[in-house]
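All you need for this note's numbering is the position in the sequence shown, starting with 1, plus 2.
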Amino acid sequence: MKKLLLILGLTVLILFIDLYGKLLVSQYLSGSEKEKKVALSTPKHKVEETSPQALSHLLGSDPETILSTFGEPARIEPSSYNYDWWVYNQDPSHYMQLGILQNKVVTIYAGGKDSNVSPFYIGQKYVDIYALAPFSYEVALEYGKGSYQFELSETEINEQPLISLEHGWAQLYFDKFTHQLMGVRYMDDETLLKLRPYQLIYSGDLVTPGALDANQQKLVEEASAKQVLDLTNVVRAQHGLPLLSWNEGAAQVAYLHSKDMKEANYFSHVSPTAGTLGDRLARGSVTFKMAGENIASNYNDSIAAVHGWLNSEGHRKNILNEQFTGLGVGIFEKYYTQNFVQK
3 MKKLLLILGL
13 TVLILFIDLY
23 GKLLVSQYLS
33 GSEKEKKVAL
43 STPKHKVEET
53 SPQALSHLLG
63 SDPETILSTF
73 GEPARIEPSS
83 YNYDWWVYNQ
93 DPSHYMQLGI
103 LQNKVVTIYA
113 GGKDSNVSPF
123 YIGQKYVDIY
133 ALAPFSYEVA
143 LEYGKGSYQF
153 ELSETEINEQ
163 PLISLEHGWA
173 QLYFDKFTHQ
183 LMGVRYMDDE
193 TLLKLRPYQL
203 IYSGDLVTPG
213 ALDANQQKLV
223 EEASAKQVLD
233 LTNVVRAQHG
243 LPLLSWNEGA
253 AQVAYLHSKD
263 MKEANYFSHV
273 SPTAGTLGDR
283 LARGSVTFKM
293 AGENIASNYN
303 DSIAAVHGWL
313 NSEGHRKNIL
323 NEQFTGLGVG
333 IFEKYYTQNF
343 VQK
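Okay, structure coming up:
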């Protein structure tokens, strides 16, 4: 029997607040309206990966191959999907994360401007990629004994379409304001089905990641917070902006706000008990000339959250604000908070 899973969309409301420091606050509101699906008339086909050095060719590789090619990662961290992230953040222009499960690369994210994502390239225009690899609103695959079909909305086709490659799948992250490619996530079949980034219709069994205990969940949250900083700096580097440094005080304030939103069942920059961003930073003894906050919920991981913020005008302004010098990130389950500060 076919079952339907709905992925919530997000709408944006921008709120500017002046307190004793200048605060730039961007607020998300959740929405559940499904967009109308329109069929494309273009044929479906696999895209050929023309360069043997393309990162997509690393899907299925073992750790020894990765080490001999790229050296030691800056960090090895857990994820919510059973694979470990190998994070290469030494150079924002070649930034990548490789997900390794059972001694095999199962997913890769590349967002550095010089990353080899052939046959595409970071900064490439949407229309040029569409001419090379027409996107489909419906993407089907067979896995094990199951049949699965992802259905993409108009927004998803424009901002994060999915294409079939010779060696797996590529989710392309576009900047909706510049219409340029900002990052690529490669996945094998199992990882795509675990992540379920789009509405899914299926028959058979769902592919689900193993459950995490409380300690494992905490480690994932801490790792994801570091990745949000890395990914934010990758975006800033692409725009020629100075990189942000980690602000531990702002991170603690951000974590407490994410935790508070989950436990008190609200989604806002104003806490019923802890107050506004300015109140919370003051309580955490975080001094600033200017501060800003982004919040998000129900994203699969830090990669999806940062690209979601980038495609929201208010959140984008915080990420690309050249006056900010520091960033603290706090994640609790599916709640994400970024606190930006200028000292």
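Just so you know, even glycine gets a beta-carbon here, dropped at the ideal spot from N, CA and C.
Rounded separation between residue i and residue j - CA only
i      : j      : result
Ser260 : Leu243 : 27 Å
Val288 : Tyr139 : 46 Å
Arg356 : Lys319 : Lying outside 3 to 345, the shown extent of the chain, residue 356 is not represented and no answer is given.
Trp88  : Arg285 : 35 Å
Ser314 : Leu322 : 12 Å
Glu153 : His241 : 32 Å
Leu233 : Gly113 : 8 Å
Leu167 : Val222 : 29 Å
Glu79  : Val230 : 13 Å
Ala307 : Tyr301 : 6 Å
Leu202 : Thr157 : 16 Å
Asp116 : Pro274 : 45 Å
Asp303 : Glu324 : 25 Å
Ala225 : Gln218 : 11 Å
Gln182 : Ile124 : 8 Å
Val272 : Ala256 : 12 Å
Ile333 : Ala227 : 6 Å
Val119 : Pro54  : 11 Å
Gly328 : Ser149 : 46 Å
Arg282 : Ile165 : 43 Å
Tyr200 : Glu335 : 20 Å
Leu214 : Ser70  : 31 Å
DSSP state of residue i mapped onto helix, strand, coil
i      : result
Asp93  : coil
Ser82  : coil
Ile203 : strand
Ile124 : coil
Gln151 : strand
Asn341 : strand
Ala276 : coil
Glu140 : strand
Phe334 : strand
Lys106 : strand
Thr295 : Just to set this straight, residue 295 is Glu in the shown sequence, not Thr. Glu295: strand per DSSP, three-state reduction.
Tyr132 : helix
Gly185 : strand
Leu61  : coil
Ser304 : helix
Ser117 : coil
Phe290 : coil
Ser247 : strand
Arg285 : helix
Leu214 : coil
Gly73  : coil
Asp232 : helix
Ser260 : helix
Gln254 : helix
Gly316 : helix
Residue i beta carbon near the ligand MN (any heavy atom closer than 7 Å)
i      : result
Ser273 : Because no ligand of any kind appears in the structure shown, any question about the ligand MN cannot be addressed here.
Nonlocal neighbours in the same chain, by C-beta distance under 6 Å from residue i, ignoring five residues either side
i      : result
Tyr337 : Ser260, Met263, Lys264 and Ser299
Gln340 : Asn296 and Val331
Tyr175 : Gln162, Met184, Gly185 and His309
Ser82  : Val222
Lys196 : Tyr83, Val209 and Pro211
Ala56  : Asn118 and Ser120
Phe137 : Ile159 and Pro163
8 Å Cβ shell around residue i - same chain, five flanking residues per side excluded
i      : result
Phe326 : Leu246, Met292, Gly294, Asn320, Phe342, Val343 and Gln344
Glu192 : Val108, Tyr145 and Val209
Asp86  : Ile78, Glu79, Pro80, Gly101, Ile102 and Leu103
Tyr90  : Phe72, Pro75, Ala76, His96, Tyr97, Met98, Gln99 and Leu100
Gly23  : Any reading at Gly23 needs caution, since the residue's pLDDT is 39, under 50, leaving its predicted position unreliable; the model's value is listed next. Correct list, in chain order: Gly280, Leu283, Phe290, Lys291, Met292 and Ala293.
Close-in-space but distant-in-sequence residues of the same chain around residue i (CB under 7 Å, 5 per side omitted)
i      : result
Asn235 : Pro94, Leu245 and Leu246
Asn105 : Asp64 and Pro65
Leu143 : Tyr150 and Asp191
Supposed contact pair residue j and residue i - C-beta distance, whole angstroms, cut 8 Å
i      : j      : result
Tyr111 : Gln92  : Incorrect: roughly 15 Å between the Cβ atoms, too far for contact.
Gly170 : Met189 : 6 Å
Asn160 : Lys178 : 6 Å
Arg187 : Ile68  : With a Cβ gap of about 17 Å, Arg187 and Ile68 do not count as contacting.
Asn312 : Val237 : The sequence given here has Leu at residue 312, not Asn. Contact flag correct, Cβ pair sits at about 6 Å.
Ala239 : Ser58  : Contact flag wrong, Cβ pair sits at about 22 Å.
Validate contact between the stretch 116-131 and the stretch 269-286 using beta carbons, cut 8 Å, 3 pairs
Judged by Cβ distances under 8 Å, the stretch 116-131 makes no contact with the stretch 269-286, as fewer than three pairs qualify.
Pairing CB atoms from the stretch 57-73 with CB atoms from the stretch 200-219, are three or more of them under 8 Å?
No: the two stretches stay apart, fewer than three of their Cβ pairs being nearer than 8 Å.
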